[in-house]
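There are 2 protein chains.
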Amino acid sequence: MTEDLLARRARLMGPEVPTFYRNPLHLVKGEGVWLWDKAGKRYLDCYNNVPHVGHSHPKVVEAITAQALTLNTHSRYLHEGVLDYIERLGATFRHETTQAIMVCTGSEANDLALRMAQAVNGKTGIIATDNTYHGNSALTSGLSSRRPPVGGYPQNIIRVPAPDSLAPVGGSREGQAQAFAAHVKAAIAELETRGFGFSSLILCPLFANEGLPCVKKGFLDPTVAAVRAAGGVIICDEVQPGFGRAGEAFWGHEVLGFAPDIVTLGKPMGNGHPIGAVFARPDVMRAFREVFAYFNTFGGNPVSAAAAMAVLDVMEEEGLQQNAREVGAYTLDGLRSLSHPWIAEARGQGLFFGLEFLTPEGAPATAFVADVIEAMLERGVILNNIGRNRNTLKMRPPMPFTRENADMLIAALQDALNSTPVRA
Amino acid sequence: MTEDLLARRARLMGPEVPTFYRNPLHLVKGEGVWLWDKAGKRYLDCYNNVPHVGHSHPKVVEAITAQALTLNTHSRYLHEGVLDYIERLGATFRHETTQAIMVCTGSEANDLALRMAQAVNGKTGIIATDNTYHGNSALTSGLSSRRPPVGGYPQNIIRVPAPDSLAPVGGSREGQAQAFAAHVKAAIAELETRGFGFSSLILCPLFANEGLPCVKKGFLDPTVAAVRAAGGVIICDEVQPGFGRAGEAFWGHEVLGFAPDIVTLGKPMGNGHPIGAVFARPDVMRAFREVFAYFNTFGGNPVSAAAAMAVLDVMEEEGLQQNAREVGAYTLDGLRSLSHPWIAEARGQGLFFGLEFLTPEGAPATAFVADVIEAMLERGVILNNIGRNRNTLKMRPPMPFTRENADMLIAALQDALNSTPVRA
Numbered sequence: 417m418t419e420d421l422l423a424r425r426a427r428l429m430g431p432e433v434p435t436f437y438r439n440p441l442h443l444v445k446g447e448g449v450w451l452w453d454k455a456g457k458r459y460l461d462c463y464n465n466v467p468h469v470g471h472s473h474p475k476v477v478e479a480i481t482a483q484a485l486t487l488n489t490h491s492r493y494l495h496e497g498v499l500d501y502i503e504r505l506g507a508t509f510r511h512e513t514t515q516a517i518m519v520c521t522g523s524e525a526n527d528l529a530l531r532m533a534q535a536v537n538g539k540t541g542i543i544a545t546d547n548t549y550h551g552n553s554a555l556t557s558g559l560s561s562r563r564p565p566v567g568g569y570p571q572n573i574i575r576v577p578a579p580d581s582l583a584p585v586g587g588s589r590e591g592q593a594q595a596f597a598a599h600v601k602a603a604i605a606e607l608e609t610r611g612f613g614f615s616s617l618i619l620c621p622l623f624a625n626e627g628l629p630c631v632k633k634g635f636l637d638p639t640v641a642a643v644r645a646a647g648g649v650i651i652c653d654e655v656q657p658g659f660g661r662a663g664e665a666f667w668g669h670e671v672l673g674f675a676p677d678i679v680t681l682g683k684p685m686g687n688g689h690p691i692g693a694v695f696a697r698p699d700v701m702r703a704f705r706e707v708f709a710y711f712n713t714f715g716g717n718p719v720s721a722a723a724a725m726a727v728l729d730v731m732e733e734e735g736l737q738q739n740a741r742e743v744g745a746y747t748l749d750g751l752r753s754l755s756h757p758w759i760a761e762a763r764g765q766g767l768f769f770g771l772e773f774l775t776p777e778g779a780p781a782t783a784f785v786a787d788v789i790e791a792m793l794e795r796g797v798i799l800n801n802i803g804r805n806r807n808t809l810k811m812r813p814p815m816p817f818t819r820e821n822a823d824m825l826i827a828a829l830q831d832a833l834n835s836t837p838v839r840a
Numbered sequence: 417m418t419e420d421l422l423a424r425r426a427r428l429m430g431p432e433v434p435t436f437y438r439n440p441l442h443l444v445k446g447e448g449v450w451l452w453d454k455a456g457k458r459y460l461d462c463y464n465n466v467p468h469v470g471h472s473h474p475k476v477v478e479a480i481t482a483q484a485l486t487l488n489t490h491s492r493y494l495h496e497g498v499l500d501y502i503e504r505l506g507a508t509f510r511h512e513t514t515q516a517i518m519v520c521t522g523s524e525a526n527d528l529a530l531r532m533a534q535a536v537n538g539k540t541g542i543i544a545t546d547n548t549y550h551g552n553s554a555l556t557s558g559l560s561s562r563r564p565p566v567g568g569y570p571q572n573i574i575r576v577p578a579p580d581s582l583a584p585v586g587g588s589r590e591g592q593a594q595a596f597a598a599h600v601k602a603a604i605a606e607l608e609t610r611g612f613g614f615s616s617l618i619l620c621p622l623f624a625n626e627g628l629p630c631v632k633k634g635f636l637d638p639t640v641a642a643v644r645a646a647g648g649v650i651i652c653d654e655v656q657p658g659f660g661r662a663g664e665a666f667w668g669h670e671v672l673g674f675a676p677d678i679v680t681l682g683k684p685m686g687n688g689h690p691i692g693a694v695f696a697r698p699d700v701m702r703a704f705r706e707v708f709a710y711f712n713t714f715g716g717n718p719v720s721a722a723a724a725m726a727v728l729d730v731m732e733e734e735g736l737q738q739n740a741r742e743v744g745a746y747t748l749d750g751l752r753s754l755s756h757p758w759i760a761e762a763r764g765q766g767l768f769f770g771l772e773f774l775t776p777e778g779a780p781a782t783a784f785v786a787d788v789i790e791a792m793l794e795r796g797v798i799l800n801n802i803g804r805n806r807n808t809l810k811m812r813p814p815m816p817f818t819r820e821n822a823d824m825l826i827a828a829l830q831d832a833l834n835s836t837p838v839r840a
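The structure is reproduced here in structure tokens:
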């Protein structure tokens, strides 16, 4: 059956379409933190952040259904839904990013945010971190592409080394904040030399794709100062850390204690409904609208707004940010209690965890981590890897994750670690 | 009330957010071809193509609800839904564009299609028509931008004059096909001179944004020959003409009788659910996958696939393509029966119409058309304008448009034309 589907995919979607697992999962049902495959096997989902308030949450579906049966049009007509949502979400920021353009995906959000920054300062140079992902559009894929696009890498984009827990930029954890800022300063100078000028720095405040390194409040302060001094704009991609996942804060950038000029949102925002947004300060939005005409057909339509609003309702009703803080801390304790000679570090922020593995020689245990992921699937737990070398287990469950779920994850992990042969 | 919403929009969305009408509509309900505003006034929707099978169609909502309550995950797991859809829609093409990547918007589709073409021939030059719109991403907005982006217009994009009904390229309708092809050939040569090389020609097969000019089967044959001779790729943007709207054919390019290498889809595909797609020949898809890594989180998820599938079901059950052909012809007859000295031409293809107005001196009657649009709103009919000079009324109703709806449109139009003072 699974082979049939793989053959059909190759015929209908072409070659090299990405899948997870050596034998890709054929899923048929999801509920809360659980997924079921075609054979009826149940899996604890410790990976997917799109179903933010839980797979198939009935309240979100109800909101979508009710609005879709009533009206679904674009925003060139007036509707309260999108305004109520922007007002409510904008109030969660501790700074003035209170105006928004609603879009359909995180890619659209970042593609737009980069152009907003260019409108602010009239420059076109962009700085990103070195193993990041900010989207799949032509512009955003240039930030993260592993294969050079046709025509070569864009010369107006420079990538700087992201912070790392075990191999810190500049050689020490203490000096990492200054060393990171120094790389950004050098990139700013290089963009000026190349004639583009420096427009924006875009980053995930938890550096999620680079392995979720331990960075603390204030880490970005020297970088923010350097960007501001150069007239640049800071774009904070909150697709992964946002919406309460960080536990102690609603937004990832609050954890680091800085105020971005633009915040971009995507995946978890509509619990699977395609929705994203760019929040910006009024002066940034004004500068953008003076230069660019922009309209998004589906963005912020009444159904999308209803879906996104329902996600916020459920988060409040079920206390999901508090849950992320409490169960996140509990889970991190569990990860730290695991026993295996190749464990290098257990890290976490709210309900987002990294478990890094190094060989006794200090090399990335990439192959071992890949085997552990497969061993966990056998044990009914879905997780994945992150980091430059993909030697860090990535756990990022739906927000209603419980202590019992955490216990199951930790027990399965210890068992998988015990029984997976080590190989680098 | 409306003023309150406008003030809230300015505060929450910033300045210059596009709206329709001098007093923007505050809509609260939609059903079939009808929309209702806050005051309870009913409008005949002769403009919106996103609600393809009718506003709030219960079968589409039912499909979304059922799937969203069951499972909604990304395509790195296996699921039949997206495969069933690609197989079914791919079978509607009379050529080999049978493989697809599902995305969330038409913008994402075109942004991706342009890169597919670049992967095929290793060139980066793009040709588009001169008053078109293919999306709002950084790349696609460069095809249609009315204001230069920061850093200037991309040098790898050249716009050629689109066909025109009353001011044909080359001076005569008979010579227009050859004249259009000659402009494309000149642009190909220029892209070679500039060093980009020629990658693709992207166009809407009905040239909808340029005023829906009368072009007949075979019109693009000389152009297609020129593109093929240069090793280029033809991208057909079917966002507006596709899905049976053209009446006599399921796709706009069938009306012209040519076979594109890539077809892009958007707006009507999910009846308002954010979904789009790129269909391509297997050799094109293979070339793309060899060069680019591409994954779209929401694209082709089970809910999107269910929404899009339900649209096809409704189209078949309600005979909507046939309806577009029959009621389209009936409506066009009605438009041709209208009486006003400034009417220059009534044009149509299925359920898509243009009614062009010129002053007695032959100038575009742009202001008059704007006044007629407002007069039609007063009479409870929603339509809009198109064309380089916005002097053509645009009518593009939901597909279940009936003869009675057409009668109401025509009667309201004659009344509005009679009572709107002429001004250029």
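Read top to bottom, the protein sequences are chains G and H. Adding 416 to a residue's 1-based position in the first sequence gives its number in my numbering. Adding 416 to a residue's 1-based position in the second sequence gives its number in my numbering. Quick reminder that beta carbons are idealized off the backbone N, C-alpha and C, glycines included. Please read these numbers as outputs of a predicted model, since none were measured by experiment.
Partners in chain B for residue i, counting only beta-carbon separations shorter than 7 angstroms
{"i": "residue 681 of chain G", "result": "The displayed structure is made up of protein chains G and H, and chain B is not among them."}
Burial state of residue i, where buried means 16 or more other Cβ atoms lie within 10 Å
{"i": "residue 487 of chain H", "result": "buried"}
{"i": "residue 457 of chain G", "result": "exposed"}
{"i": "residue 609 of chain H", "result": "exposed"}
{"i": "residue 484 of chain G", "result": "buried"}
{"i": "residue 776 of chain G", "result": "exposed"}
{"i": "residue 737 of chain H", "result": "buried"}
{"i": "residue 839 of chain H", "result": "exposed"}
{"i": "residue 803 of chain G", "result": "buried"}
{"i": "residue 539 of chain G", "result": "buried"}
{"i": "residue 711 of chain H", "result": "exposed"}
Residues bridged to residue i (per DSSP)
{"i": "residue 531 of chain G", "result": "According to DSSP, residue 531 of chain G bridges with nothing at all."}
{"i": "residue 616 of chain H", "result": "H:542 and H:649"}
{"i": "residue 461 of chain H", "result": "H:798"}
{"i": "residue 780 of chain H", "result": "H:774"}
Chain-ordered neighbours of residue i on chain G, where CB pairs are closer than 8 angstroms
{"i": "residue 445 of chain H", "result": "486 and 487"}
N- and C-terminal bounds of the beta strand (DSSP E) containing residue i
{"i": "residue 445 of chain G", "result": "443-447"}
{"i": "residue 743 of chain G", "result": "No beta strand (DSSP E) contains residue 743 of chain G, which is instead part of the alpha helix (DSSP H) from 736-752."}
{"i": "residue 811 of chain G", "result": "808-811"}
{"i": "residue 580 of chain G", "result": "Careful: residue 580 of chain G lies outside any beta strand (DSSP E) and carries neither H nor E."}
{"i": "residue 622 of chain H", "result": "No beta strand (DSSP E) contains residue 622 of chain H, which DSSP labels as neither H nor E."}
{"i": "residue 731 of chain H", "result": "No beta strand (DSSP E) contains residue 731 of chain H, which is instead part of the alpha helix (DSSP H) from 718-733."}
Residue i: contacting residues in chain H (beta-carbon distance under 8 angstroms)
{"i": "residue 563 of chain G", "result": "707, 708 and 709"}
{"i": "residue 506 of chain G", "result": "428"}
{"i": "residue 516 of chain G", "result": "428 and 429"}
{"i": "residue 540 of chain G", "result": "566 and 567"}
Reduced DSSP secondary structure (H/G/I, E/B, other) of residue i
{"i": "residue 546 of chain G", "result": "coil"}
{"i": "residue 698 of chain G", "result": "helix"}
{"i": "residue 669 of chain G", "result": "helix"}
{"i": "residue 920 of chain G", "result": "Residue 920 of chain G is absent from the model: chain G starts at 417 and stops at 840."}
{"i": "residue 759 of chain H", "result": "strand"}
{"i": "residue 681 of chain G", "result": "strand"}
{"i": "residue 644 of chain G", "result": "helix"}
Closer than 7 angstroms at the beta carbon, the chain G residues around residue i
{"i": "residue 436 of chain H", "result": "492 and 493"}
{"i": "residue 701 of chain H", "result": "430"}
{"i": "residue 717 of chain H", "result": "688"}
{"i": "residue 698 of chain H", "result": "430"}
{"i": "residue 480 of chain H", "result": "480 and 484"}
Span of the alpha helix (DSSP H), counted from its first residue to its last, around residue i
{"i": "residue 501 of chain G", "result": "496-506"}
{"i": "residue 819 of chain G", "result": "819-835"}
{"i": "residue 767 of chain H", "result": "Residue 767 of chain H -> no alpha helix (DSSP H), and no H or E assigned at all."}
{"i": "residue 849 of chain H", "result": "This structure leaves residue 849 of chain H out entirely; chain H is present only between 417 and 840."}
Neighbouring residues, chain H, relative to residue i (Cβ below 7 angstroms)
{"i": "residue 527 of chain G", "result": "553 and 554"}
{"i": "residue 440 of chain G", "result": "493 and 494"}
Interface partners of residue i on chain H, CB under 9 angstroms
{"i": "residue 581 of chain G", "result": "Neighbours of residue 581 of chain G on chain H: none; closest Cβ ~26 angstroms, over 9 angstroms."}
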